[in-house]
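Participant: Dumping the structure here so I can ask a few things about it.
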Amino acid sequence: MLFKYPELLWAFFLLLIPIFIHLFQLRRFKKTPFTNVKLLQKVVAQSRKSSAIKKWLLLISRVLLLSGLILAFSQPYFASESAAFAKETVIYLDNSFSMQAKTENGTMLQDAVQKLLKDLPKDKIFTLFTNDKVFSDITLPDIRNELLMLPYTYDQLELKDILLKGKNFFSKDEKSIKYLVLISDFQNRTAIQESDTPGNIQTFLVGLKPENTNNTVLDSAYIAEENPTTTDLSVNLTTTGALESIPVSLYNDDKLIAKTAASFDKNRKSNIIFTLPSDEVIKGRIEISDIGLPYDNQLFFNINQKEKVKVLSISEADSGFLERIFTEDEFIFTDVGINTINYGVLESQNLIVLNELKTIPVSLKNTLGDYTQNGGHLIIIPASEANIENYNSFIGKYFSSSISNRIDEERNITQINFDHPLYKNVFVQRVSNFQYPRVTSYFKIGTTAPKILSLQDQSAFLVGLDGIYLFTAAINTNNSNFKNSPLIVPTFYSIGANSLKSPELYNTLGQLTTVDVKAAMSGDNILKVTQKDYEFIPEQQSFANKTILSFAFNPTKDGIYDISEQSRFIQNISFNYPRAESESKYLDLDILENNAVINNLTEVFETMEKDDSVTELWKWFTIFALLFMLAEVLIQKIFK
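Basically this note's numbering = 1-based index in the sequence shown + 12.
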């Protein structure tokens with residue numbers, strides 16, 4: 013038995029006072045003459061015996077009365093071993109999109125919030141954190157409204173991050189008892205190691221399960237094929253439910269422009285095609301109706317007005333092949349001679365081709381240095397009679413390389429670096445046997461830049477780094493048949509298309525995204541991104557011919573956004589939530605050792621209360637004191 017105020021126990025010494033009074037009370041006897049003492053001798057003996065019993069009973073009742081009062085004011089109690097230590101409680105509440113799954117009481121998140129409001133003691137101080145919010149050292153009434161209005165988020169923390177973050181909210185006090193309560197559906201998205209579990213913290217894992225795990229997902233959309241009049245939009249869907257067809261609707265802004273049905277194969281996948289006009293700006297939204305998770309029932313995308321890429325060729329050789337590749341429907345192609353260059357227009361070009369120049373003038377070198385530093389792309393095709401020293405002074409700063417000598421031997425171009433970003437989505441399969449193009453002479457170079465095309469002796473034919481591309485041989489018909497090769501179109505076209513990066517149909521929230529916008533900012537002008545009343549300024553880098561926007565932490569909501577300069581609209585950009593939450597696969601919590609796996613939140617708090625339980629006894633001792641007070645009154649009445 014423990015005491016809240018043990019210092020009051022010193023009052024037990026006061027019990028000596030009634031004991032001394034009762035033991036040493038002196039009474040005077042008055043002699044009364046009586047003629048017949050013998051008649052009263054028996055009566056006198058009985059009176060003295062009754063008086064002694066009464067005194068002892070009164071002494072006992074008064075001592076017990078005072079003892080009861082002393083013990084009551086000392087507030088004795090029984091408690092568990094852990095009850096005397098300080099308690100710290102940290103709760104993680106999963107508010108990711110997978111918590112939208114339905115239970116009999118609403119969504120899993122709503123059900124968890126209602127159980128917290130019902131079972132957590134109102135005066136208990138705790139810390140609660142979600143995937144994107146933290147409430148430190150609060151009580152339940154402080155955050156009641158925030159919990160009821162808690163939004164869902166795509167930013168799902170991994171379990172190892174949850175455990176580490178929760179551990180950091182506890183104090184450094186080694187004597188305090190620490191409780192970490194994790195409330196989640198624990199989707200199986202990461203491998204968990206035993207070292208992830210906190211060693212000195214009592215961790216409770218409350219696993220929530222939905223009534224129905226069936227869900228249909230709008231996975232992705234992409235351009236399958238383009239031609240001058242139409243564009244085929246391909247849409248992929250996945251389901252975990254029954255293999256029944258579902259309607260899929262396509263909207264342009266708020267206007268329904270197409271509707272079809274998606275049928276699933278044995279792998280529970282479906283692919284449908286929408287045909288769109290190729291010359292129309294689309295603010296697209298694809299929708300399905302599904303009783304599973306609502307967040308993945310729509311997919312936003314946009315098709316902007318295509319910006320033409322500006323390509324300038326500075327030539328001392330035939331440039332007709334470039335004009336046939338860089339057609340006017342996608343490019344603005346200009347060809348000038350070495351002596352007719354307008355240096356004022358160079359900085360506005362997206363791609364400049366040095367087409368077999370024998371020497372590069374110093375003024376052009378300086379201008380191209382500024383041009384490439386500002387994000388411009390460059391192709392260098394040397395002439396067979398190129399001045400090696402002149403070229404080395406120019407290309408050395410881009411590739412840390414130099415031309416050593418010209419080799420006049422025929423070589424085939426036999427190796428293609430299919431993994432290079434230049435050939436992304438170009439080849440359906442890796443070709444190993446085709447009619448190899450050849451060169452009759454080439455320059456031997458030493459470089460650290462990645463090889464894109466190589467000769468049969470492993471020598472580089474085309475290298476590229478950060479938008480700068482260098483051929484090691486002239487490609488005129490006297491030196492090579494590369495112009496007649498199937499490789500020339502995808503190579504030059506990809507370089508040209510990548511020089512002004514067209515925005516994707518949509519981007520994924522939470523991932524670093526960069527977009528090239530064909531807008532040159534001047535002065536203090538900046539680009540803004542808006543959606544209705546929501547507006548933010550993304551990270552941006554302005555060049556003479558474009559502005560590069562970077563998106564990392566904004567926006568936080570899916571949809572189609574406007575990119576504008578002041579009040580001038582430039583283009584749209586779309587964002588969608590990541591689809592990782594759509595899989596109905598859950599972690600086996602038994603692999604997490606030294607943790608209590610409890611499926612009922614009420615049971616968690618009952619367990620914590622037992623560890624902190626205290627049985628107070630002061631009420632009982634007060635009752636005992638009152639009973640002995642009543643006993644004293646009865647003794648006084650019975651023994652008169």
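Beta carbons are placed, not taken as given, at the ideal position from N, Cα and C, and that holds for glycine.
Spell out the partners DSSP gives Gly-296 in its beta bridges.
Facilitator: According to DSSP, Gly-296 bridges with Asn-264 and Phe-313.
Participant: Starting from Tyr-454, follow its DSSP beta bridges and name the residues at the other end.
Facilitator: In the DSSP output, where bridge partners are listed per residue, Tyr-454 has Ile-419.
Participant: Please determine if the segment 364-373 and the segment 413-425 are in contact, where contact requires at least 3 C-beta pairs separated by less than 8 Å.
Facilitator: Contact fails: fewer than three Cβ-Cβ distances are below 8 Å.
Participant: What would DSSP say about His-34, mapped onto helix, strand or coil?
Facilitator: Reduced to three states, the DSSP call for His-34 is helix.
Participant: How would you write the range of the alpha helix (DSSP H) that Glu-335 sits in, first residue to last?
Facilitator: Start and end: 332-337.
Participant: Provide the residue span of the beta strand (DSSP E) that contains Gln-553, from first to last.
Facilitator: Element bounds for Gln-553: 551-554.
Participant: Can you look up Arg-40 in the DSSP assignment and give me helix, strand or coil?
Facilitator: Because the pLDDT at Arg-40 is just 46, under 50, the model does not fix this residue reliably, and the value given afterwards should be weighed accordingly. It is coil, neither helix nor strand.
Participant: Check each candidate in Glu-368, Val-645 and Tyr-383 and name the one with the smallest Cα separation from Ile-400.
Facilitator: Nearest C-alpha to Ile-400: Glu-368.
Participant: If I'm right that Thr-251 touches Phe-276 with Cβ under 8 Å, what's the distance once you round it to whole angstroms?
Facilitator: Going by Cβ atoms, the distance from Thr-251 to Phe-276 rounds to 5 Å, so yes, they are a contact pair.
Participant: Since Ser-554 and Asn-362 should fall inside the 8 Å C-beta cutoff, what is the C-beta to C-beta distance between them, to a whole number of angstroms?
Facilitator: Actually they do not touch by this definition, with Cβ atoms about 15 Å apart.
Participant: Is Glu-158 helix, strand or coil by DSSP?
Facilitator: The answer is helix: DSSP assigns Glu-158 an H, G or I state.
Participant: Assign Glu-186 to one of two classes, buried (16 or more other C-beta atoms within 10 Å of its C-beta) or exposed (fewer than that).
Facilitator: Glu-186 comes out exposed.
Participant: Would you call Arg-580 buried or exposed, if buried means 16 or more other Cβ atoms sit within 10 Å of its Cβ?
Facilitator: Its Cβ having fewer than 16 others within 10 Å, Arg-580 is exposed.
Participant: What number of angstroms, rounded off, separates the C-alpha of Ile-337 from the C-alpha of Glu-516?
Facilitator: Approximately 23 Å, taken between the alpha carbons.
Participant: Quick one: using the 10 Å Cβ neighbour count with 16 as the cut-off for buried, is Tyr-355 buried or exposed?
Facilitator: Flag for Tyr-355 reads exposed.
Participant: Considering just the uninterrupted stretch of the beta strand (DSSP E) at Lys-544, what are its terminal residues?
Facilitator: Here Lys-544 belongs to no beta strand (DSSP E), and DSSP marks it neither H nor E.
Participant: Helix, strand or coil for Ala-23, going by three-state DSSP, please let me know.
Facilitator: Ala-23 falls in the helix class under three-state DSSP.
Participant: Excluding five sequence neighbours on each side, which residues of the same chain lie with their C-beta closer than 8 Å to the C-beta of Ile-344?
Facilitator: Cβ neighbours of Ile-344 beyond the five flanking positions: Lys-320, Val-321, Lys-322 and Val-323.
Participant: Looking only at C-alpha atoms, which of Ile-353, Ile-269, Ala-124 and Leu-77 sits nearest to Leu-639?
Facilitator: Among Ile-353, Ile-269, Ala-124 and Leu-77, the Cα nearest to that of Leu-639 is on Leu-77.
Participant: Assign Asp-231 to one of three DSSP states: helix, strand, or coil.
Facilitator: Residue state, collapsed to three classes: strand.
Participant: Is the beta carbon of Ser-196 less than 8 Å from the beta carbon of Glu-593?
Facilitator: Against a cut-off of 8 Å, the Cβ pair of Glu-593 and Ser-196 comes out as no contact.
Participant: List the whole-angstrom C-beta distance separating Gly-522 from Asp-167, where the pair is believed to meet the contact cut-off of C-beta under 8 Å.
Facilitator: Right, the Cβ-Cβ distance comes to about 6 Å (below 8 Å), so this counts as a contact.
Participant: In or out: Val-229 buried (at least 16 other Cβ within 10 Å) or exposed?
Facilitator: Flag for Val-229 reads buried.
Participant: Kindly indicate which residue of Ile-72, Arg-418 and Asp-382 has the alpha-carbon position closest to the one of Lys-409.
Facilitator: When only C-alpha atoms are compared, the closest one is Asp-382.
Participant: Thinking C-alpha only, which one of Pro-394, Phe-430, Asp-431 and Pro-433 is nearest Asn-417?
Facilitator: Comparing Cα-Cα distances from Asn-417 to each of Pro-394, Phe-430, Asp-431 and Pro-433, the minimum goes to Pro-394.
Participant: What does the alpha-carbon distance come out to for the pair Thr-242 and Leu-311?
Facilitator: For Thr-242 and Leu-311, the distance between alpha carbons rounds to 21 Å.
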